[in-house]
Amino acid sequence: MSALLQVAGLRANYGRVPILMGVTFAMEPGEYLGILGHNGMGKTTLMRTLMGALPATGGAVHYRGRNITALATHDRARLGLGLVPQGREIFPSLSVYENLRMGLVTAAKEDLSIIDAVLEDFPRLVRLLDRRGGALSGGEQQLLALARCLCTQPDLILLDEPTEGIQPSIIDEIIETLAGLKARKSLSMIIVEQNLDFITSLSDRVLSIQKGQISGTVAREDLLAGKIAMSCA
Ligand SMILES: Nc1ncnc2c1ncn2[C@@H]1O[C@H](COP(=O)(O)OP(=O)(O)OP(=O)(O)O)[C@@H](O)[C@H]1O
């Protein structure tokens with residue numbers, strides 16, 4: 001089977017400071033790939049570079065065989081990439097429903113039935129449609145950010161630290177929602193996280209990132225035992 005995403009020697013900087021220093025990995029269609037790394041290792045920078053929000057300074061990204069390294073974010077979105085950003089970036093003064101509509105706008109889609117279809121997987125949001133985004137809890141905002149991304153009808157979702165700052169009870173609900181999507185939809189996902197339980201529950205394979213490079217595959221038994229070969233050093 002040919003790779004859905006192929007990342008080879010990817011480099012990115014903030015100003016003159018190199019952050020991604022040759023990231024290389026590939027993933028198959030339908031795969032849920034976890035990327036585990038401590039603070040500052042380059043997880044968010046990798047997601048932003050894959051989405052085209054930060055330009056690559058070296059290396060290449062191929063999506064379904066096409067070189068997308070120089071494509072703008074909106075063109076990547078049209079090809080099927082969607083980002084659920086760290087911090088969620090909900091529009092606080094817009095209602096939940098209006099936030100979902102922003103997903104349609106991002107993808108230049110006008111069909112409101114897409115929102116109804118997405119909401120079937122988010123019963124909690126159905127009860128909150130008129131509430132302002134800023135009045136939701138962190139966990140509810142995370143569900144909304146995921147649902148908004150699904151409104152763009154992506155094939156590959158880039159999910160950046162979904163558990164950050166979220167209560168454990170709703171983390172379980174987010175895991176259930178994602179497990180449901182994994183079982184029912186033909187989606188692929190890259191999940192970057194520091195939360196071992198979360199990444200272990202959902203990922204088919206987990207890579208570790210250290211200092212802007214993929215440093216290896218994390219063995220399932222190490223994940224289950226909470227033993228991981230990552231270092232902040
Ligand atoms: N806008 C920016 N300008 C300059 N440096 C930045 C910027 N954003 C991040 N960095 C630096 O780049 C490095 C990697 O940051 P990044 O956010 O990708 O890490 P991360 O693995 O996602 O960490 P975290 O879990 O803390 O979000 C860090 O040293 C960070 O300080």
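Residue numbers (UniProt numbering): 1 to 233. C-beta: ideal position from N, C-alpha, C; glycine also. A quick note: this is a predicted structure, and the numbers were derived from the prediction, not measured.
Residues of the same chain with a CB within less than 6 Å of the CB of isoleucine 171, apart from the 5 flanking positions on each side, are Thr163 in chain order. Not one heavy atom of ligand 1 sits closer than 7 Å to the Cβ of glutamate 89. Of all alpha-carbon atoms in Leu181, Gln6 and Met47, the one lying nearest the alpha-carbon of glycine 37 is that of Met47. Excluding five sequence positions before and after aspartate 155, the CB atoms of its chain that fall closer than 7 Å to its own CB belong to Gly80, Leu187 and Ser188, given in chain order.
With fewer than 16 other Cβ atoms inside 10 Å of its own Cβ, tyrosine 14 counts as exposed.
Here asparagine 67 is bridged, per DSSP, to His62. With a cutoff of 8 Å on beta-carbon distance, leucine 144 and isoleucine 174 are scored as not near each other. Sequence-distant partners of arginine 88 (beyond 5 residues in either direction) whose C-beta falls short of 7 Å from its own C-beta, in its chain, are Gln141, Gln142 and Ala145. Here DSSP, grouped into helix, strand and coil, assigns glutamine 142 to helix. For threonine 106, the distance from the CB to the nearest heavy atom of ligand 1 is not below 7 Å. DSSP places alanine 225 outside any alpha helix (DSSP H), giving it a letter other than H or E. Counting every other CB atom within 10 Å of its CB across the protein chains shown gives threonine 57 a total below 16, marking it as exposed. Linking glutamine 167 to glycine 139 through their CA atoms gives a straight-line distance of about 7 Å.
The DSSP assignment places complete beta strand (DSSP E) segments of no fewer than 3 residues inside the segment 6–69 at 17–27, 32–36 and 58–63, in order along the chain. For aspartate 130, the secondary structure class from DSSP, reduced to helix, strand or coil, is coil. Taking 8 Å as the cut-off, the Cβ atoms of isoleucine 19 and glycine 42 count as close. Short of 6 Å from the beta carbon of histidine 62, and not among the five residues preceding or following it, lie these beta carbons of its own chain, in chain order: Gln6. Two segments are said to touch when three or more pairs of C-beta atoms, one from each, lie closer than 8 Å; by this definition the segment 20–35 touches the segment 198–207.
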